[in-house]
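Everything on this sheet refers to the single structure shown next.
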Amino acid sequence: MMFGDVINVLFTSVVILWIVKTYKGKIDHRTKELIAIVIGLIIIGNLAGFLIVQSGSRWALTYTLSFVFVQWVILWSFARNF
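Counting from 1 along the sequence shown, just add 34 to a position and that's the residue number in the working numbering.
This is how it looks when you write it as structure tokens:
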């Protein structure tokens, strides 16, 4: 795994944590647990995409692009709600 791959895996999680940390309001424990689950799923999805690309699957580009779209939707949702 290259350094760029690690950056790709952690980018969305870091942005979500930054949005939550700069939020001025109070966040309840259920929201914190949901954020932890979302971050975990994002990291697992990025790692799965990395493994699919490394295996040379013909679905690698489709999976990667669709997961990137999902990440941007998640980031947009967090940025809009916090």
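From the three backbone atoms N, C-alpha and C, an ideal C-beta is built for every residue, glycine too.
{"Asked": "Going by DSSP in three states, SER100 sits in which element: helix, strand or coil?", "Found": "helix"}
{"Asked": "How about ILE86 and ILE108: are their beta carbons less than 8 Å apart?", "Found": "no"}
{"Asked": "Roughly how many whole angstroms lie between the Cα atoms of ILE50 and PHE37?", "Found": "20 Å"}
{"Asked": "Can you find the residues in the same chain that come closer than 6 Å, C-beta to C-beta, to PHE101, ignoring five residues on each side of it along the sequence?", "Found": "GLY79, GLY83"}
{"Asked": "Alpha carbon to alpha carbon, what distance is there between ARG92 and GLU67?", "Found": "35 Å"}
{"Asked": "Rounded C-beta distance between PHE112 and ILE53? I'm assuming under 8 Å.", "Found": "5 Å"}
{"Asked": "Compute the Euclidean distance between the alpha carbons of TRP106 and PHE45, then round it to the nearest angstrom.", "Found": "11 Å"}
{"Asked": "Could you check what DSSP says for ILE41 in three-state terms: helix, strand or coil?", "Found": "helix"}
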